[in-house]
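>
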Amino acid sequence: MVKKFADGEVLEKPEVMAKKAKYIRERYASDPSYRKYMKKFNATYYEEHKNTMIRRARKRNNTNDDEYRDYQKSYYEKNKEKLKLYQKRYQKKNKEKVALYMRKYRKKKLST
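No gaps in the numbering here: position 79 of the sequence shown is 74 in our numbering, and each next residue is one more.
(1) Look at the alpha carbon of SER69 and the alpha carbon of LEU80, and state the distance between them as a whole number of angstroms.
(2) Could you give the C-beta distance for LEU78 and TYR71, rounded to a whole number, given that I count them as a contact under 8 Å?
(3) State the start and end residues of the unbroken alpha helix (DSSP H) segment that holds ASN89.
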């Protein structure tokens, strides 16, 4: 599959996809009109190919279903302690964030 850029540069090999991505990022990342275009393009592409994408995803999930569940179970069993510690730490941080937000919200509510 041959890809051509606006300035005529041609990429023929799939290994060059990283270069293509880098090129696009450098050239268009800060261009708001391009971002707007890509947003619109992605929305239309999704609408056109929605059924195909959903069908492919279902097929992928069905083929790997049991293997993936087994992998998840084994991973959980292996890293149970680590995951529980992470969960506690996350919950603590989350509580702090909620408390901070509520303090700000109450101040704002009282001042108005």
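The beta carbon of each residue, even a glycine, is placed where N, CA and C say it ideally should be.
According to the structure data:
(1) By 1-based counting over the sequence shown, the position of residue 69 is 74. By 1-based counting over the sequence shown, the position of residue 80 is 85. Separation of SER69 and LEU80 (C-alpha to C-alpha, rounded to the nearest whole angstrom) is 18 Å.
(2) Counting from 1 along the sequence shown, the entry for residue 78 is found at position 83. Counting from 1 along the sequence shown, the entry for residue 71 is found at position 76. The Cβ separation is near 7 Å, so the contact holds.
(3) Numbered from its first residue, the sequence shown carries residue 89 at position 94. Element bounds for ASN89: 75 to 106.
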